[in-house]
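Q: Starting off with a structure, shown below.
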Amino acid sequence: MDRIEAFTTVISSMPMPALIIGRSRRVLSMNADACALLGHDGTGLHFTAIIRQPGPIAAIEATLADAEHRRSVYAARDVDRDFRHEMEVTPLRKDAAAGVLIVFQDVSDAEGLGQMRRDFVANVSHELRTPLTALLGFIETLGGAAANDPAARASFLDMMQHEAERMNRLVQDLLSLSQLESQKYSRPEGKVDLSEVIGEAARLMHNAFATMKDGVHFDAPQESVFLNGNRDQLLQVFRNLFENAMKYGGGSAQVRVSLPAREAILRGPAAIVDIIDRGPGIEAHHIPRLTERFYRIDAHRSREQGGTGLGLAIVKHIVGRHGGRLRISSVLGEGSTFSVVLPRAKNF
Ligand code: ADP
Numbered sequence: 010m011d012r013i014e015a016f017t018t019v020i021s022s023m024p025m026p027a028l029i030i031g032r033s034r035r036v037l038s039m040n041a042d043a044c045a046l047l048g049h050d051g052t053g054l055h056f057t058a059i060i061r062q063p064g065p066i067a068a069i070e071a072t073l074a075d076a077e078h079r080r081s082v083y084a085a086r087d088v089d090r091d092f093r094h095e096m097e098v099t100p101l102r103k104d105a106a107a108g109v110l111i112v113f114q115d116v117s118d119a120e121g122l123g124q125m126r127r128d129f130v131a132n133v134s135h136e137l138r139t140p141l142t143a144l145l146g147f148i149e150t151l152g153g154a155a156a157n158d159p160a161a162r163a164s165f166l167d168m169m170q171h172e173a174e175r176m177n178r179l180v181q182d183l184l185s186l187s188q189l190e191s192q193k194y195s196r197p198e199g200k201v202d203l204s205e206v207i208g209e210a211a212r213l214m215h216n217a218f219a220t221m222k223d224g225v226h227f228d229a230p231q232e233s234v235f236l237n238g239n240r241d242q243l244l245q246v247f248r249n250l251f252e253n254a255m256k257y258g259g260g261s262a263q264v265r266v267s268l269p270a271r272e273a274i275l276r277g278p279a280a281i282v283d284i285i286d287r288g289p290g291i292e293a294h295h296i297p298r299l300t301e302r303f304y305r306i307d308a309h310r311s312r313e314q315g316g317t318g319l320g321l322a323i324v325k326h327i328v329g330r331h332g333g334r335l336r337i338s339s340v341l342g343e344g345s346t347f348s349v350v351l352p353r354a355k356n357f
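Take the sequence shown: its letter number 339 is residue 348 in the numbering used here, and every next letter is one higher.
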């Protein structure tokens, strides 16, 4: 086996993009992952024909000159995503003339996750700080200016309760999310009567929004529909969606259940619950982002209504855990439809 053949055998078995550059600065060999990452097979070409970024080029040149191990970062762009690869440049021998081995490691996900975590912590801190600052202000006023004014005291206590409830809701929602995350890979096991859960969620909504003009109208299907699921979690899904219809969807919702024998995405029988409101609708560019944590179309309005910005994120997690999907469609000026698509167990 000659030297190049030996290199090719070694790097073709590596589970990440890898290539070897000889002292002539030509690519001696590259594996399939490297061809995919760098766009084409550059074997035999000068290495700058396939690696065109200044940082990585400088690192390779330097290692070819002094046989010291180096690291660099290679940035790539796919159709809809940016990638970052950590690039290791290792001399083949302690002798610079022998050439270098280049190995790439995709670190985009790790960096994306780190960024998501940082954003999340910043969001939570911001959301908690607002009511906390208000509470501190009220406490100070109660201890000073309003100390001997019973009317002012009552009104401040009212506002303090309001802020404390807001913090409580936020903490509850965060706990729900973290619990759901830990259950991500375990499918729920109970048997749930879908109409019963929707009916209960509607009843609870009518109690909470007694002043709302219209409320939830539910056309229950003739036959009973049973699902594999966790009743409390499904109740939370419908409560959150009904509550949103009350808050943002014009104060009323029509709930319809359909039972397709086969739903393409779920590859089997499904129960689809459409929650249709006649609110102002949602602009198309917001729709894919609504289930992100803390994403709100109008943050001020959401906060005013007692929203935490986590309701739809919770809905998406619960529906996902049940093997289902959440679909959102909307026509501006006409209203929105939130559809919960759940798999129907064949044996019920
Ligand atoms: P919250 O209601 O606590 O702000 P959600 O995650 O439940 O958080 O909803 C996120 C955002 O989606 C809301 O702030 C609102 O802007 C928008 N939204 C949700 N439901 C509807 C609806 N039925 N019609 C219009 N906008 C809605």
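We put the beta carbon where it would ideally sit given N, CA and C, even for glycine.
As a quick exercise: from ALA85, ILE327, ILE69, ALA161, pick the residue whose alpha carbon is nearest that of TYR194.
A: Comparing C-alpha distances from TYR194 to each of ALA85, ILE327, ILE69, ALA161 shows the shortest one belongs to ILE327.
Q: Any chance you could list the beta strand (DSSP E) runs of at least 3 consecutive residues sitting entirely within the region 219-283, in chain order?
A: 224-228, 235-237, 261-267
Q: Since ILE291 and SER345 should fall inside the 8 Å C-beta cutoff, what is the C-beta to C-beta distance between them, to a whole number of angstroms?
A: 5 Å
Q: Can you tell me whether LYS325 is buried or exposed, with buried defined as 16 or more other CB within 10 angstroms of its CB?
A: buried
Q: Would the region 297-310 and the region 267-275 be scored as touching if the rule is three or more Cβ pairs under 8 Å?
A: no
Q: Looking at ligand 1, does it come within less than 7 Å of ALA322, judged from the CB to the closest heavy atom?
A: Yes, the beta carbon of ALA322 sits closer than 7 Å to at least one heavy atom of ligand 1.
Q: Is it the case that the CB of ALA254 approaches a heavy atom of ligand 1 more closely than 7 Å?
A: yes
Q: For the candidate residues PRO289, GLY238, ALA308, whose alpha-carbon lies nearest to that of PRO352?
A: GLY238
Q: Quick one, which of ARG330, GLY318, GLY288, ALA354 has its alpha-carbon nearest SER338's?
A: Comparing Cα-Cα distances from SER338 to each of ARG330, GLY318, GLY288, ALA354, the minimum goes to GLY288.
Q: Between ASP202 and the rest of its own chain, which residues show a CB-CB distance below 7 Å, the 5 nearest in sequence each way excluded?
A: SER233, PHE235
Q: Identify the residues that DSSP records as bridge partners of GLY199: which are they?
A: When beta bridges are read from the DSSP output, GLY199 appears opposite no residue.
Q: Return helix, strand or coil for GLN314, following the three-state DSSP convention.
A: coil
Q: Quick check: the region 312-326 against the region 179-190, are there 3 or more CB pairs under 8 Å?
A: yes
Q: If I follow the unbroken alpha helix (DSSP H) through PRO140, where does it start and stop?
A: 117-152
Q: Could you tell me the boundaries of the beta strand (DSSP E) in which ILE30 lies?
A: Going by DSSP, ILE30 is part of the beta strand (DSSP E) stretching over 27-30.
Q: Does THR142 pass the burial test, meaning 16 or more other C-beta atoms within 10 Å, or should it be called exposed?
A: exposed
Q: Please state if the CB of VAL206 and the CB of LEU145 are separated by a distance shorter than 8 Å.
A: no
Q: Would the beta-carbon of ASP283 be found less than 7 Å away from any heavy atom of ligand 1?
A: No - ligand 1 has no heavy atom lying nearer than 7 Å to the Cβ of ASP283.
Q: Flag ARG336 as yes when its Cβ comes closer than 7 Å to any non-hydrogen atom of ligand 1, and as no otherwise.
A: No - ligand 1 has no heavy atom lying nearer than 7 Å to the Cβ of ARG336.
Q: For ligand 1, is there a heavy atom less than 7 Å away from the beta-carbon of LEU189?
A: no
Q: Looking at the strands, I want to know which residues DSSP matches up with THR99.
A: LEU110
Q: The beta strand (DSSP E) with LEU37 in it runs from where to where?
A: Where LEU37 is concerned, the enclosing beta strand (DSSP E) stretches over 36-39.
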